[in-house]
Amino acid sequence: MFKDVSFGQYYPINSPVHRLDARVKLLSVILFVVAIFFVKSYFGFMLTAALILFIILLARLPIVSVLKSVRGILLIVLITAILNLFLIKDGEVLVQWEIFVITKGGVHTTIKMVLRLVLLISGVSLLSLTTTPVQLADGIESLMSPLKLIKVPVRDIAMVMSIALRFIPTLFEETVKIMNAQKARGASIDTGSIVQRVRSLVPVLIPLFVNSFRRADELAFAMDARCYNATDKRTKMKKATLRFADFVAAFLILAFFAVILLERYYFPTVGINIDAKIFGGLL
Amino acid sequence: MSVVEIKNLSFVYSKKTPYETRALDDVSLTIEEGEFVGIVGATGSGKSTLIQHLNGLIRIQDKKRSSITINGMSLSDKKYLKKVRFDVGMVFQYPEYQLFEDTVAKDIAFGPKNMKLSKEEVDERVKRAMEVVGLDYATFAERSPFDLSGGEKRRAAIAGVIAMQPQVLILDEPVAGLDPVGREEILTLVQKLRREVSKTVLMVSHNMDDIARLATRIIVLKDGRVVADGTPKEVFISGKIEETGLELPLAARIAKNLKARGFDIGDAITPDELVAGVRRAMEAKHV
Amino acid sequence: MDGRGVLCYNPLMPIIEVKNVSYSYPLRDGVRLKAIKNLSLSIEEGEYVALVGMNGSGKSTLAKLLNGLFEPASGDILIDGINTKDEKQIFEIRKRVGMVFQNPDNQTVATIIEDDVAFGPENIGVAREEIVERVDEALRLVNMSEYRARTASKLSGGQKQRVAIAGVLAMRPKIIIFDESTSMLDPIGRKEVMQVAKTLNESGITVINITHNMEETAEATRVIALRHGRLALDGTPKEVFASSILEDCGLKLPPARQIATELKAFGLDAEDVIDEKGLEEGICRLLK
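So the sequences go chain by chain: V, B and D. The opening position of the first sequence corresponds to residue 1 in the numbering used here, with each subsequent residue numbered one higher. The opening position of the second sequence corresponds to residue 1 in the numbering used here, with each subsequent residue numbered one higher. The opening position of the third sequence corresponds to residue 1 in the numbering used here, with each subsequent residue numbered one higher.
Quick look at the structure:
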């Protein structure tokens with residue numbers, strides 16, 4: 001059941017993308033997420049997809065690993081798509097049956113919405129696929145460090161995040177083990193009605209909680225034993241220093257952002273014209 | 001009719017991903033009623049994938065080629081799934097981590113209740129299971145399983161499985177993490193269970209001394225294949241164990257070393273046999 | 001050598017001194033479980049101690065008392081002369097006493113191996129260049145250098161525990177406590193970890209191995225057995241195995257010694273046998 005969950009799983013190879021500074025990657029992803037909401041034309045989506053594809057190739061990631069992250073939200077995408085398809089009434093009516101109406105505008109909005117979500121998740125998953133949880137936490141800590149001035153415990157927050165990420169695979173494994181053990185005693189987790197299946201989660205959740213608290217306890221001891229919180233002047237083995245590649249990446253993502261904005265607000269006709277050329281009468 | 005029949009069983013994890021691993025590779029074997037089978041192999045040799053197939057926790061991947069039958073029921077057939085889970089009891093590693101009810105008796109009743117037995121029958125089975133594992137009903141039934149000692153928790157968890165009165169009992173490293181006296185108690189319990197509850201027992205263990213002493217048959221797995229299968233004596237004398245990177249039992253190691261040094265005391269795999277071998281050699285010396 | 005240092009050094013001072021220590025846990029409704037009762041013992045620098053006893057005898061509690069994770073309710077514990085009750089010095093104690101726990105998955109903080117090893121030195125504010133040095137050295141000592149940039153989740157149990165040991169070594173401890181660190185490992189993993197423990201002990205580190213495995217116990221130079229939070233046995237493996245209260249402590253003779261005992265009738269000197277090698281030699285002498 002949880003075997004294929006790959007979202008948030010670091011893909012351990014050494015590529016130019018993996019080597020980028022986590023802060024640059026974090027900011028880039030934020031910029032990317034903002035940018036994608038400005039994309040309106042198919043041309044814009046193609047540009048975005050090209051960027052994602054370029055990064056995937058550069059990071060030498062198998063396409064499957066990115067698609068798996070997308071699969072995680074497939075249900076949400078599907079439901080939103082269906083709602084959009086029937087609720088948006090705009091332009092030429094394509095299908096009408098009873099109360100269900102599908103319009104041309106609805107179809108296009110739906111397609112674009114799906115594209116937007118898929119590209120969004122792909123982009124965000126690139127971050128977790130190419131950045132270790134520790135780098136991520138360090139990056140967030142570093143970006144949030146101005147908040148230390150107003151007494152926000154930035155370091156502890158970063159630690160909590162990185163530990164949470166580190167334990168996701170462990171807890172999934174544990175869940176599978178407990179589920180198997182209860183199934184072996186006849187629990188209806190993979191058989192029986194929906195009600196039965198939901199009720200049968202109790203024997204899984206209780207041991208999972210108990211074991212998680214035990215783990216947390218042990219981890220706390222292990223961290224204390226290794227002098228966690230010994231000094232405020234905690235040092236870092238890996239100092240993130242910005243290298244040339246980081247500036248190139250930052251420039252690229254800014255350029256992308258600029259192109260998207262320009263395409264949307266200053267040269268809206270470019271996208272529309274290209275869309276028209278490719279799709280012709282379909283629009 | 002054999003209790004367990006496995007034909008050409010193969011299994012691949014994470015198929016078509018960079019993490020693809022072959023856990024089982026064309027495994028065929030049959031297990032007869034009354035056998036005590038020791039399943040050994042290094043970590044990652046496929047032991048746990050194999051045993052989880054036996055009660056349908058892992059579904060057969062290639063139904064055309066592979067088949068598993070338990071008491072004549074084919075596991076490729078979904079309608080037997082539940083029945084097989086009750087016929088094949090599975091005690092996982094560290095089973096105490098799966099306790100969840102607020103009293104010991106309720107936790108043990110979980111399996112029998114899932115079997116849709118009558119309330120009287122469930123109570124009867126809980127009492128019987130607790131008695132067999134040595135947890136006094138009056139003392140322990142109403143206590144929280146989380147307040148028990150380590151050894152008691154493990155026995156409560158085992159009771160939760162044998163309350164289903166499975167014909168085949170599978171135990172994965174049942175003594176892991178226990179102190180020497182606790183280990184001995186659980187191993188004695190396993191033998192008792194074989195006499196009184198489940199005639200056929202499969203035990204996964206890294207401890208060759210335990211296996212040599214208890215099992216009637218040993219199956220050795222390596223890289224998902226069965227590389228040796230026979231009585232403990234056959235398997236431990238065949239030299240196959242060393243090839244898989246595992247250790248011989250203590251007695252066998254000593255007998256082998258003695259032989260290399262010119263003292264042949266015959267084949268020995270258990271302490272008793274080693275002692276008997278030394279006795280024979282001593283007597284021969286005096287003649 | 002610095003003359004002052006020589007003056008300060010007292011070769012007679014044990015590295016661990018436990019004086020009349022008691023400790024209890026709160027259970028529920030104000031009930032407390034007395035885990036350690038008026039315990040006194042001392043351990044010299046460089047010793048290899050097996051700490052044994054049945055589940056719940058107080059072994060792990062003692063381990064946590066030794067590096068200040070718990071504070072004695074009464075009595076004192078001195079590590080290298082520092083009292084564990086001295087809150088200002090608590091991290092000096094934790095630097096000196098490293099702990100390797102039972103479950104390798106519950107003691108790794110970071111996903112990447114070298115990051116995890118660096119966790120301790122980072123916590124105590126070691127300079128960056130030195131952290132790198134320490135991580136290199138620690139991974140080399142446990143033979144895991146080639147894995148440094150990998151993720152820990154893909155390792156075998158034995159390898160994970162070696163990484164945990166490296167994490168402790170990076171603090172440059174004087175004492176390492178193994179708290180049932182081999183109990184979840186297969187025989188190969190167990191051997192890997194025990195080999196590392198032995199090598200570290202030979203390099204001068206004091207090793208305390210909490211274990212249920214009697215073969216591991218036989219490898220120590222000294223065995224301390226606890227029973228109900230009290231000191232029950234303390235001596236060389238030979239002395240402890242000869243004790244009549246061994247089983248009362250939840251212990252058994254190591255398998256080799258059990259066999260030797262049965263061969264006593266043939267003239268084998270069973271008291272001399274503590275491990276496999278000894279048993280083999282004993283039988284050879286019998287048959288010669």
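From the three backbone atoms N, C-alpha and C, an ideal C-beta is built for every residue, glycine too. Given the structure is predicted, the values throughout are model-derived calculations rather than measurements.
- Query: At a CB-CB cut-off below 7 Å, which residues of chain B make contact with residue 222 of chain V?
  - Reply: The premise fails here: residue 222 of chain V is roughly 18 Å from chain B at the closest Cβ pair, so nothing lies under 7 Å.
- Message: Run through chain D and tell me which residues come within less than 9 Å of residue 234 of chain V, C-beta to C-beta.
- Response: 122, 123, 124 and 125
- Message: Would you say residue 178 of chain D lies against chain V (beta-carbon separation less than 9 Å)?
- Response: no
- Close beta carbons around residue 64 of chain D, own chain, < 6 Å, minus the five adjacent residues each side: 70
- Would DSSP call residue 14 of chain D helix, strand or coil? coil
- Message: Could you check whether the Cβ of residue 203 of chain V sits closer than 9 Å to any Cβ belonging to chain B?
- Response: yes
- Task: Please report how far the alpha carbon of residue 222 of chain V lies from the alpha carbon of residue 21 of chain B, in whole angstroms.
- Result: 32 Å
- Message: By the 9 Å beta-carbon criterion, what residues does the segment 16 to 36 of chain D contribute toward chain E?
- Response: The chain inventory of the structure shown lacks chain E, comprising the protein chains V, B and D.
- Task: Measure from the C-beta of residue 170 of chain V to each C-beta in chain D and report whether the shortest distance is under 9 Å.
- Result: yes
- Message: Just verifying my parser: in three-state terms, what is the DSSP assignment at residue 65 of chain V?
- Response: helix
- Message: So within the segment 125 to 211 of chain D, which uninterrupted beta strand (DSSP E) runs reach at least 3 residues, ignoring any that extend past its ends?
- Response: 175 to 179 and 206 to 210
- Using a beta-carbon distance below 9 Å, is residue 8 of chain D in contact with chain B? Bear in mind that the predicted position of residue 8 of chain D carries a pLDDT of just 47, short of 50, making it unreliable; the figure below should be weighed with that in mind. Residue 8 of chain D does not count as touching chain B.
- Message: Can you confirm whether the segment 207 to 216 of chain V touches the segment 120 to 132 of chain B when touching is taken to mean that 3 or more C-beta pairs between the two stretches lie within less than 8 Å?
- Response: no
- Residues near residue 196 of chain B by beta carbon distance below 8 Å, same chain, minus five either side: 132
- Item | Span of the alpha helix (DSSP H) around residue 67 of chain D | Segment: none, residue 67 of chain D is in no alpha helix (DSSP H) and carries neither H nor E.
- Where residue 87 of chain B and residue 41 of chain B are concerned, what is the direct C-alpha to C-alpha distance, given to the nearest angstrom? 25 Å
- Query: Of all the alpha helix (DSSP H) runs that stay within the bounds of the segment 17 to 62 of chain B, which reach a length of 4 or more residues?
  - Reply: 47 to 54
- Message: If you reduce the DSSP assignment to three classes, tell me which class residue 228 of chain V lands in.
- Response: coil
- Task: Please list, in chain order, all residues of the same chain as residue 269 of chain D whose beta carbon is under 7 Å from its beta carbon, the five residues on each side excluded.
- Result: 282
- How would you list, in chain order, the residues of chain B whose beta-carbon sits under 8 Å from the beta-carbon of residue 318 of chain V? What is shown of chain V runs 1 to 283, which leaves residue 318 of chain V out entirely.
- Hey, how far is the Cα of residue 171 of chain V from the Cα of residue 121 of chain D? 28 Å
- Where the beta strand (DSSP E) through residue 90 of chain B begins and ends: 88 to 91
- Query: What in chain V is Cβ-close to residue 106 of chain D, meaning under 7 Å?
  - Reply: 215, 218, 219 and 222
- Query: Of all the CB atoms in chain D, is at least one closer than 9 Å to the CB of residue 6 of chain V?
  - Reply: Residue placement at residue 6 of chain V is poorly supported in this model, since its pLDDT is 43, which falls under 50; the coordinates are not used for a value here.
- Drop a sphere of 10 angstroms on the beta-carbon of residue 13 of chain V, count the other beta-carbons inside from all chains shown, and report buried for 16 or more, exposed for fewer. exposed
- Query: Under the three-state reduction of DSSP, which class applies to residue 287 of chain V: helix, strand or coil?
  - Reply: The structure shown does not extend to residue 287 of chain V, since chain V is modelled only from 1 through 283, so no value can be given for it.
- Query: Between residue 76 of chain B and residue 9 of chain B, is the Cβ-Cβ spacing less than 9 Å?
  - Reply: no
- Buried or exposed for residue 243 of chain B, please, with buried defined as at least 16 other CB atoms from any protein chain shown within 10 angstroms of its CB. exposed
- Message: Considering only the alpha carbon of each residue, which of B:260, B:226, B:208 and B:199 lies closest to residue 27 of chain B?
- Response: B:226
- Less than 8 Å between the CB of residue 169 of chain D and some heavy atom of the ligand GTP, yes or no? This structure simply doesn't include the ligand GTP, nor any ligand for that matter.
- Distance, Cα to Cα, residue 251 of chain B vs residue 209 of chain B? 8 Å
- C-alpha distance - residue 203 of chain V paired with residue 241 of chain B, whole-angstrom precision: 39 Å
- Spatial distance of residue 98 of chain V from residue 89 of chain V (CA atoms): 15 Å
- Are residue 289 of chain D and residue 211 of chain D touching if we call contact CB-CB under 9 Å? Residue 289 of chain D is absent from the structure shown; chain D starts at 1 and stops at 288.
- May I ask you to list, following chain order, the residues of the segment 110 to 135 of chain V that have a beta carbon less than 9 Å from some beta carbon of chain D? 132, 133, 134 and 135
- Message: For residue 52 of chain D, would you say it is in contact with chain V, using Cβ-to-Cβ distances shorter than 9 Å as the test?
- Response: no
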